[in-house]
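Structure, as structure tokens:
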Amino acid sequence: MLRQFVEFSIIGIASGGMYVLSALGFVIIFKATRIFNFATGEMMMIAAFLFLSAVTAFGLHWVPALALALAGGGIIAFLMERLVLRRMIGRPVVVLVMVTLGIGSILRGVAGLIWGHEIFQLPDFLPRKPIFLGDILIPGKLAWGFIGIAVIAIGFILYYRYSKAGIAIRATSSDLVTAEGLGINVRGVFTMAWVIAGLLAAAAGIVAASVNGVSPQLGFVALNVLAVIMLAGMSSVMGVVVAGIFIGWLETIVGAYLGASWQSFLPYVVVLLVMLVKPNGLFGEARVERI
Numbered sequence: 001m002l003r004q005f006v007e008f009s010i011i012g013i014a015s016g017g018m019y020v021l022s023a024l025g026f027v028i029i030f031k032a033t034r035i036f037n038f039a040t041g042e043m044m045m046i047a048a049f050l051f052l053s054a055v056t057a058f059g060l061h062w063v064p065a066l067a068l069a070l071a072g073g074g075i076i077a078f079l080m081e082r083l084v085l086r087r088m089i090g091r092p093v094v095v096l097v098m099v100t101l102g103i104g105s106i107l108r109g110v111a112g113l114i115w116g117h118e119i120f121q122l123p124d125f126l127p128r129k130p131i132f133l134g135d136i137l138i139p140g141k142l143a144w145g146f147i148g149i150a151v152i153a154i155g156f157i158l159y160y161r162y163s164k165a166g167i168a169i170r171a172t173s174s175d176l177v178t179a180e181g182l183g184i185n186v187r188g189v190f191t192m193a194w195v196i197a198g199l200l201a202a203a204a205g206i207v208a209a210s211v212n213g214v215s216p217q218l219g220f221v222a223l224n225v226l227a228v229i230m231l232a233g234m235s236s237v238m239g240v241v242v243a244g245i246f247i248g249w250l251e252t253i254v255g256a257y258l259g260a261s262w263q264s265f266l267p268y269v270v271v272l273l274v275m276l277v278k279p280n281g282l283f284g285e286a287r288v289e290r291i
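Heads up, the sequence shown is in this note's numbering, so the first residue is 1 and it goes up one at a time.
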């Protein structure tokens with residue numbers, strides 16, 4: 001019984017890695033621009049389809065196909081920011097939310113027109129051989145996918161904390177007017193945040209699709225990321241890592257012991273209870289504005 005619980009827990013933690021990458025992209029955009037990007041799931045989905053097409057239609061090896069898909073995710077995010085969201089600066093939050101929802105719907109519809117609505121399995125590029133920790137079995141794809149996600153997440157966090165670009169993003173998040181007064185190219189920071197988020201979403205989408213397949217409906221997976229963001233708080237990068245792993249673990253444990261019906265909503269109940277006590281999330285900070 002204990003072995004089974006440990007096995008489910010490890011699988012859940014590995015599954016939570018996908019939420020971590022998606023949520024990091026969500027948070028980096030919000031911190032830099034104060035925009036809620038509800039098209040994150042569709043950005044994940046398009047990148048997975050680009051990877052699929054690069055391998056199956058153009059016969060590329062998975063390494064250049066992966067690079068092409070990641071670049072595609074970054075380019076899509078760049079175009080979204082430059083062509084649409086930049087023109088919306090200063091608009092009410094609800095308008096920005098509706099715009100990103102609309103972009104997500106467009107991307108989902110375009111994907112359906114190009115690739116259809118059935119589920120496609122990505123070509124194997126992650127080892128399928130299971131990994132054994134004593135008597136505990138971990139699916140190979142899930143384990144190697146988590147390792148890849150961990151490397152990307154650690155690289156992003158180090159970049160965000162110590163690079164000049166990361167410092168610029170944090171300065172802009174803290175006080176946009178002061179950052180601009182110090183010579184920081186605020187509009188450039190906005191673009192950079194979107195491109196980084198596009199790369200993170202693309203990586204998350206490819207890993208998720210390698211395990212579960214890809215279809216236009218993959219975009220809806222990102223709705224689960226909302227639970228991660230609400231639990232962590234919109235302002236905490238490290239909090240998102242902890243919350244993503246926890247939500248992945250909780251979903252897996254609930255699904256294993258209570259069934260899929262409970263799995264679909266119980267994590268949100270837990271998040272709601274937490275927010276009743278801490279409205280800004282476990283790691284979020286209350287913003288105080290002087291009038």
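Backbone N, C-alpha and C define an ideal beta-carbon position, used for all residues, glycine too.
For residue 190, which of helix, strand or coil comes out of DSSP?
Position 190 of the sequence shown holds residue 190. If DSSP states are grouped into helix, strand and coil, residue 190 belongs with the helices.
Taking contact to mean at least 3 C-beta pairs separated by less than 8 Å, is the segment 76-90 in contact with the segment 226-242?
Contact between the segment 76-90 and the segment 226-242 is absent: fewer than 3 CB-CB pairs across the two stretches fall below 8 Å.
Residues bridged to residue 214 (per DSSP)
For the purposes of this step, residue 214 is identified with residue 214 of the sequence shown, where counting begins at 1. Residue pairing by DSSP places residue 214 opposite 120 in a beta bridge.
Integer-rounded CB distance, given that residue 104 should sit under 8 Å from residue 25:
Sequence index remark: in the sequence shown, residue 25 carries index 25 (1-based). Sequence index remark: in the sequence shown, residue 104 carries index 104 (1-based). That belief does not hold up - the Cβ atoms of residue 25 and residue 104 are roughly 14 Å apart, past 8 Å.
Nearest candidate by alpha-carbon position, reference residue 136, set 3, 280, 102, 142
Translated into the one-based positions of the sequence shown, residue 136 becomes position 136. The candidate whose alpha carbon is nearest that of residue 136 is 3.
Closest Cα partner of residue 269 within the set 257, 228, 212
For this step, residue 269 is matched to residue 269 along the sequence shown. The shortest C-alpha to C-alpha distance from residue 269 to any of 257, 228, 212 is the one to 228.
Test item: CB-CB of residue 349 and residue 203 under 8 Å:
Residue 349 cannot be examined here, being either before or after the span of the chain that is shown, 1 to 291.
Which partner residues of residue 133 appear in the DSSP bridge assignment?
Within the sequence shown, numbered from 1, the residue matching residue 133 stands at position 133. The partner list for residue 133 (beta bridge, DSSP) reads 136.
Grab the span of the alpha helix (DSSP H) containing residue 5 for me, first residue to last.
For the purposes of this step, residue 5 is taken as residue 5 along the sequence shown, with counting starting at 1. Note, residue 5: alpha helix (DSSP H), 2-33.
Using the rule of at least 16 other Cβ atoms within 10 Å of the residue's Cβ for burial, across every protein chain shown, is residue 288 buried or exposed?
Position 288 of the sequence shown, counted from the first residue, corresponds to residue 288. Residue placement at residue 288 cannot be trusted, given a pLDDT of 49 that sits under 50; what the coordinates show is reported in the next sentence. That one is exposed.
State the Cα-Cα distance for the pair residue 97 and residue 261, rounded to the nearest angstrom.
As a position in the sequence shown, residue 97 is number 97, starting the count at 1. As a position in the sequence shown, residue 261 is number 261, starting the count at 1. Computed Cα separation, rounded: 29 Å.
Does residue 39 come out as helix, strand or coil in the three-state DSSP assignment?
Against the sequence shown, residue 39 aligns to sequence position 39. Correct three-state label for residue 39: coil.
Which residues bound the alpha helix (DSSP H) around residue 96?
Mapped onto the sequence shown, residue 96 falls at position 96. Where residue 96 is concerned, the enclosing alpha helix (DSSP H) starts and stops at 93-115.
8 Å Cβ cutoff met for residue 193 and residue 32
On the sequence shown, position 193 is the one that residue 193 refers to. On the sequence shown, position 32 is the one that residue 32 refers to. Inclusion of residue 193 and residue 32 in the CB contact set at 8 Å is warranted, their separation being smaller than that value.
Below 8 Å, can you find three or more Cβ-Cβ pairs linking the segment 213-220 to the segment 110-118?
Below 8 Å, enough C-beta pairs join the segment 213-220 and the segment 110-118 to call them touching: three or more.
Touch check for the segment 7-21 and the segment 241-253: three-plus C-beta pairs under 8 Å?
Inter-segment contact for the segment 7-21 and the segment 241-253 is present: three or more beta-carbon pairs are separated by less than 8 Å.
What three-state label does DSSP hand residue 128 in the structure shown?
Counted from its first residue, the sequence shown places residue 128 at position 128. Three-state DSSP puts residue 128 in coil, outside helix and strand.
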